[in-house]
Amino acid sequence: MKEILEKLKSEAIEKIENATQINQLEEVRIRMLGKKGALTEMLRSMGKLSAEERPLVGKSVNEVKVLIEKELSDKKQMLEEKALMDRLGSESIDITLPGKKPESGTLHPITKTTLEIQEIFASIGFSVAEGPEIDFAKYNFDYLNTPENHPSRGMNDTFYISEDVLLRTQTSPVQIRTMLQNKPPIKIISPGKVYRKDEIDATHSPLFNQMEGLIVDKGITMSDLKGSLEYFARSLFGKDTKTKFRHHQFYFTEPGAEMDATCPKCGGKGCRVCSNTGWIEILGCGMVHPRVQSMCGIDPEEYSGFAFGLGLCLWHGH
Ligand SMILES: [Zn+2]
């Protein structure tokens with residue numbers, strides 16, 4: 018009996034020592050300590066032994082059982098640690114590899130254009146004025162000398178919040194607010210979002226960005242208007258840019274004009290961008306209407322001014 022026990026013990030220990038996988042340990046456990054395991058069988062057959070032998074054999078078998086259990090558990094822990102270390106080793110981060118560069122954003126083209134135009138006008142003394150996008154209808158229409166029956170006042174063209182409050186259709190309310198609150202000299206540009214009920218297509222949107230400008234001072238003439246806006250066009254499109262002014266009727270200017278510049282894409286030769294005309298329309302402008310000045314409390318006999326406005330789109334191709 019003792020010999021068999023010794024044999025089982027050394028056999029089990031050897032198997033445990035040689036095991037490289039956790040499932041091999043499980044096999045040993047089942048073979049020795051399982052329900053039909055060798056040690057379990059030995060304990061079960063102790064009934065055949067004499068009363069003197071029984072406790073001695075029982076003690077020996079139990080000692081071997083405890084020993085094997087401990088060996089199994091030690092080896093299992095070792096194998097588990099090794100598996101973990103292997104996994105960590107294969108997954109470790111190689112800090113000598115180049116890192117992943119975070120994607121950096123850039124300014125939206127319209128923001129870029131806005132900043133660029135602001136800079137050009139700042140260089141000739143204009144400061145930036147801003148106003149609310151939800152504004153009173155009177156600042157958007159009445160103070161701008163818009164006729165009572167003008168279609169732009171209608172629900173079809175303009176988003177109304179209430180009868181006399183709307184989403185501004187132009188940044189001109191900023192000009193009105195500035196004139197109402199300040200005495201000349203006034204020299205501002207007002208960039209911002211404006212809203213009109215347009216269907217979305219390649220060149221229209223219910224929301225777009227505008228930039229307007231206003232000068233009011235003593236002795237401002239059409240020459241100042243032309244000089245300033247030609248300077249602007251050359252600064253934005255290049256020094257060889259030519260400009261021309263076509264008469265255009267606005268309610269808030271007298272006289273009014275539209276300014277064209279030679280196409281920055283083809284330099285005036287004609288291309289797809291300028292529909293082969295060599296020119297693109299840049300902005301609307303004019304001398305501030307005397308009635309607009311009067312409504313804002315600025316005497317048109319003493320002061321004069323010019324204003325301009327342009328839609329900020331991507332035509333300048335930067
Ligand atoms: Zn062109």
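Using the working numbering, read the sequence shown as starting at 18 and increasing by one per residue. By construction, the Cβ of each residue, glycine as well, lies at the ideal position given by its N, Cα and C atoms.
For ligand 1, any of its heavy atoms closer than 7 Å to the Cβ of residue i?
{"i": "G287", "result": "yes"}
{"i": "V290", "result": "yes"}
{"i": "G303", "result": "no"}
{"i": "K129", "result": "no"}
{"i": "K261", "result": "no"}
{"i": "G326", "result": "no"}
{"i": "K282", "result": "yes"}
{"i": "G295", "result": "yes"}
Report, in whole angstroms, the separation of the C-beta atoms of residue i and residue j, which I expect to be a contact under 8 Å.
{"i": "T270", "j": "L231", "result": "In fact, because the Cβ distance is near 11 Å, the residues do not count as touching under 8 Å."}
{"i": "F323", "j": "G303", "result": "7 Å"}
{"i": "T188", "j": "Q227", "result": "5 Å"}
{"i": "T294", "j": "G287", "result": "6 Å"}
{"i": "H264", "j": "A274", "result": "6 Å"}
Kindly say whether residue i, judged by its beta-carbon, lies nearer than 8 Å to any beta-carbon of chain D.
{"i": "A278", "result": "Here chain D cannot be found, since the structure has a single protein chain."}
Hey, how far is the Cα of residue i from the Cα of residue j?
{"i": "T123", "j": "K129", "result": "9 Å"}
{"i": "M102", "j": "E108", "result": "10 Å"}
{"i": "L66", "j": "L25", "result": "19 Å"}
{"i": "F138", "j": "L114", "result": "48 Å"}
{"i": "K118", "j": "D111", "result": "16 Å"}
{"i": "R61", "j": "G54", "result": "11 Å"}
{"i": "V81", "j": "R104", "result": "34 Å"}
{"i": "W332", "j": "G326", "result": "Caution applies to W332, whose pLDDT of 44 falls short of 50 and renders its modelled position unreliable; the value that the coordinates give is listed next. Distance between the alpha carbons of W332 and G326: 15 Å."}
{"i": "S50", "j": "V78", "result": "It should be noted that the sequence gives Leu, not Ser, for residue 50. Rounded to whole angstroms, L50 to V78 spans 11 Å at the Cα level."}
{"i": "E319", "j": "C313", "result": "14 Å"}
{"i": "Y268", "j": "D257", "result": "33 Å"}
{"i": "A219", "j": "P126", "result": "16 Å"}
{"i": "G106", "j": "E97", "result": "14 Å"}
{"i": "N35", "j": "E70", "result": "34 Å"}
{"i": "I205", "j": "D234", "result": "12 Å"}
{"i": "C291", "j": "I297", "result": "6 Å"}
Could you tell me if residue i is buried or exposed, where buried requires 16 or more neighbouring beta carbons within 10 angstroms of its beta carbon?
{"i": "G255", "result": "exposed"}
{"i": "Q310", "result": "buried"}
{"i": "Y160", "result": "buried"}
{"i": "G5", "result": "Outside the shown range of the chain (18 to 335) lies residue 5, about which nothing can therefore be said."}
{"i": "H335", "result": "Legend: pLDDT at H335 = 34, less than 50; position of this residue unreliable, no value from coordinates given."}
Cutting at 6 Å between CB atoms, please list the residues of its own chain near residue i, excluding the five before and the five after it.
{"i": "S321", "result": "I237"}
{"i": "P307", "result": "P317"}
If I measure Cβ to Cβ from residue i and keep anything under 8 Å in the same chain, skipping five residues before and after, which residues do I get?
{"i": "Q266", "result": "G273"}
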